[in-house]
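**Student:**
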Amino acid sequence: MKDVEFIATSFAVPERVVTNDQLASFMDTSDEWISKRTGIKRRHISEKENTSSLAFRAVKQLQEKSNFTPDEIDLIIVATMSPDNMTPSTAAMVQEMLGAKNAVAFDLSAACSGFSYALSVARSILLSNHWQKAIVIGAEVLSKLIDWRDRSTAVLFGDGAGAVLLSASEEKHVLGQDLKTFGELGNKLTAGYTKPMKNLLENNRQMSAFEMDGREVYRFVTHQVPDSILRAVQQANISLNAIDHFLLHQANERIIKQVAKKLDQPLSKFPMNIAEYGNTAAASEAILLAECVANNVIKKGDVIAMSGFGGGLTIATLIFKF
Ligand code: UT7
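In terms of the numbering used here, the sequence shown opens at residue -12 and continues consecutively.
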C-alpha cells in the first residue's frame, strides 16, 4: 500500500434556504452589501437536523454511490467546529448510525481547515496501520453558533456536510501537502468559549457566539493561502500550471479572486459555490469537491489543489490526483 485514493464523494445540505433579502428583513444589511463583499446570495440553514444527521445523510449517499458495507470501514473522521456534543463525538454517532462496528471514529477540530486536516490525518492512519477504508466528513450546523443579531457574522455562514470514501491504493495520489497553525492569531476568529465555574453550584453554562475580526482574517488569508499553495506545489514537484482545479474554502469570492490573481492562474480553475451555500467551514471544501464531481467538472486523474483556511488560525493545502 503506497497511498490512498478517492473512491466516492457526496454532500447533503438542509432543505431550508435563507436569502440575503430574508436576512435584510430582520437585520441592518442588504443583498447588495452581502453580494458585493462576499459573493453570497443564499445559505441553507438547518431547522431540525443536527451535525450528525447531516453527516449521516452525506454518508448514506456515499454508500449508494460506492456500495461499501459498513463492516469494511476502518476509520471515520468528522471535521467540525459545531459538533452535536462535546462527547460522544459526531463521528462516533455516525459510526453507530451506519453500523460500522469495526471503525475507529473521532472528531477533528480545525475550523475551516478541518476537512483538509482530516484528509491528511486519515491518510496517515490508513498508511501506518495498513488499513483499507476511511470515511472523511466535513459537517457543520454553524447556525447554532451564530448570534443572529450580529450582521458582521450572521450573513456569512451556512449549514451542510460533505463526505469522501478513501481507500488504500498502490498508486501515488497525494502529491504534496502544507499544514500550518498560527495559534498566536487564535483570537481573530472564535466561537463556543465556555468559562470555568467560580461557584461549584452555579448552573448557568453559556457558550460564546461566533466572533471574527474579518479584516484581519482577510489580510492573513490572502497572504498565507497563495504561499501555502506554492509550498505544497514545490513539495509535489510539479508546476502551478499542472493543477487542473483549485478548490478553495468558500469564505469570500473576493478572497478566491485575489488568490487566483496572486498565483497568476485563470479564475476558471477556481470553482465556486459560495453564492448558494455561504461559508460552511469544515464542510465547504467537501461540498465543493462533491458538487464538482457530480457536475463532471472534476474527473478521475485531475490534479487538484485543495486549500482550507480559518479558525486557529489554520491553513491546509493538499495537492492530490483525484
Ligand atoms: O471561514 C473562515 C475564514 N474567514 C474568512 O476568510 C473571512 C475573511 N474576511 C472577509 O471575508 C471580510 O472581511 C468580511 C466579508 C467578513 C467583511 O468584509 P469587509 O469588506 O472586510 O467589511 P468590513 O468588516 O471592513 O466592514 C465594512 C463596513 C463597516 O461599516 P463602516 O465601519 O465602514 O461604516 C461595517 O460595519 O460594512 C459594515 N458591515 C455591514 N454592512 C451591511 C459589516 N457587515 C455588514 C453587513 N451588512 N452584513
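Note that beta-carbon positions come from the ideal geometry of N, C-alpha and C, so glycine has one too.
With THR77 as the anchor, note down where its alpha helix (DSSP H) starts and where it stops.
**Tutor:** 77 to 85
**Student:** With distances taken from CA atoms, which of PRO253, LEU166 and VAL290 is nearest ASP214?
**Tutor:** LEU166
**Student:** Taking 7 Å as the limit between beta carbons, can you name the residues of its chain near VAL4, skipping five residues before and five after?
**Tutor:** ARG29 and HIS31
**Student:** Can the beta-carbon of SER130 be found less than 9 Å from the beta-carbon of SER33?
**Tutor:** For the 9 Å CB-CB criterion, SER130 and SER33 form a contact.
**Student:** Using CA atoms only, rank isn't needed, just tell me which of ASP58, ILE216 and ALA(-1) is closest to GLN82.
**Tutor:** ASP58
**Student:** Can you give me the Cβ contacts of VAL0 inside the same chain, cut-off strictly under 6 Å, excluding the 5 residues immediately before and after it?
**Tutor:** Result list for VAL0: HIS31 and GLY147, in chain order.
**Student:** Quick one, which of THR(-4), MET194 and THR209 has its alpha-carbon nearest LEU42's?
**Tutor:** Residue 42 is actually Ala in this sequence, not Leu. Closest option to ALA42, Cα to Cα, is THR(-4).
**Student:** By the three-class DSSP mapping on this structure, what secondary structure does ALA238 have?
**Tutor:** coil
**Student:** Which parts of the region 171 to 212 are runs of the alpha helix (DSSP H), unbroken and 4 residues or longer, counting only runs that do not cross its ends?
**Tutor:** none
**Student:** Tell me the DSSP secondary structure of ASP58 in three-state form.
**Tutor:** helix
**Student:** For the beta strand (DSSP E) that contains ILE230, what are its first and last residues?
**Tutor:** Run containing ILE230: none; DSSP gives neither H nor E here.
**Student:** Go ahead and pull the three-state DSSP assignment for LYS287.
**Tutor:** Coil, per DSSP.
**Student:** Suppose contacts are defined by Cβ-Cβ distances below 9 Å. Is ILE274 in contact with GLN252 by that definition?
**Tutor:** No; because the gap between Cβ atoms is not below 9 Å, this pair is not in contact.
**Student:** Would you check if the region 189 to 204 and the region 139 to 146 touch, i.e. whether three or more CB-CB distances between them fall below 8 Å?
**Tutor:** yes
**Student:** Quick check: the Cα distance between PHE169 and GLN50, rounded to an integer number of angstroms?
**Tutor:** 36 Å
**Student:** Let me check you understand the geometry: is the CB of SER226 closer than 8 Å to at least one non-hydrogen atom of the ligand UT7?
**Tutor:** No - the ligand UT7 has no heavy atom lying nearer than 8 Å to the Cβ of SER226.
**Student:** Just to confirm my understanding: we take ALA79, look at its own chain, exclude 5 residues before and 5 after, and list those with CB closer than 6 Å. What are they?
**Tutor:** ALA92
**Student:** With respect to 8 Å, is the separation between the Cβ of TRP20 and the closest non-hydrogen atom of the ligand UT7 below this value?
**Tutor:** At least one heavy atom of the ligand UT7 is nearer than 8 Å to the Cβ of TRP20, so yes.
**Student:** Which residue or residues does DSSP assign as beta-bridge partners of ILE302?
**Tutor:** LYS167 and PHE296
**Student:** Going by the CB atoms, is the gap between ASP289 and VAL161 shorter than 9 Å?
**Tutor:** no
**Student:** Which class does GLU157 belong to by DSSP, given the choice of helix, strand or coil?
**Tutor:** coil
**Student:** With a threshold of 8 Å, establish whether the CB of GLY298 neighbours any heavy atom of the ligand UT7.
**Tutor:** It does: the Cβ of GLY298 is within 8 Å (strictly closer) of some heavy atom of the ligand UT7.
**Student:** Unbroken alpha helix (DSSP H) runs of length 4 or more, entirely within the region 259 to 286: which are they?
**Tutor:** 261 to 264 and 271 to 281
**Student:** What does SER(-3) pair with, by DSSP beta-bridge criteria?
**Tutor:** ALA150
**Student:** Quick check: is any heavy atom of the ligand UT7 less than 8 Å from the C-beta of ASP146?
**Tutor:** no
**Student:** Is MET199 near the ligand UT7, in the sense that its beta carbon is under 8 Å from a heavy atom of that ligand?
**Tutor:** yes
**Student:** Using DSSP bridges, identify the partner residues of ARG29.
**Tutor:** ARG29 pairs with THR6.
**Student:** To the nearest angstrom, how far is the alpha carbon of ILE(-6) from that of THR304?
**Tutor:** 20 Å
**Student:** The ligand UT7 and ILE242: does the residue's C-beta get closer than 8 Å to at least one heavy atom of that ligand?
**Tutor:** The closest heavy atom of the ligand UT7 lies less than 8 Å from the beta carbon of ILE242.
**Student:** Do you know how far the Cα of ASN283 is from the Cα of SER226?
**Tutor:** Cα-Cα distance, rounded: 24 Å.
**Student:** Applying the 10 Å Cβ sphere with the 16-neighbour rule, what's the burial state of MET293?
**Tutor:** buried
**Student:** Counting C-beta neighbours from all protein chains within 10 Å, is the total for GLN237 16 or more, i.e. buried, or is it exposed?
**Tutor:** Around the CB of GLN237, 16 or more other CB atoms lie within 10 Å, so the residue is classed as buried.
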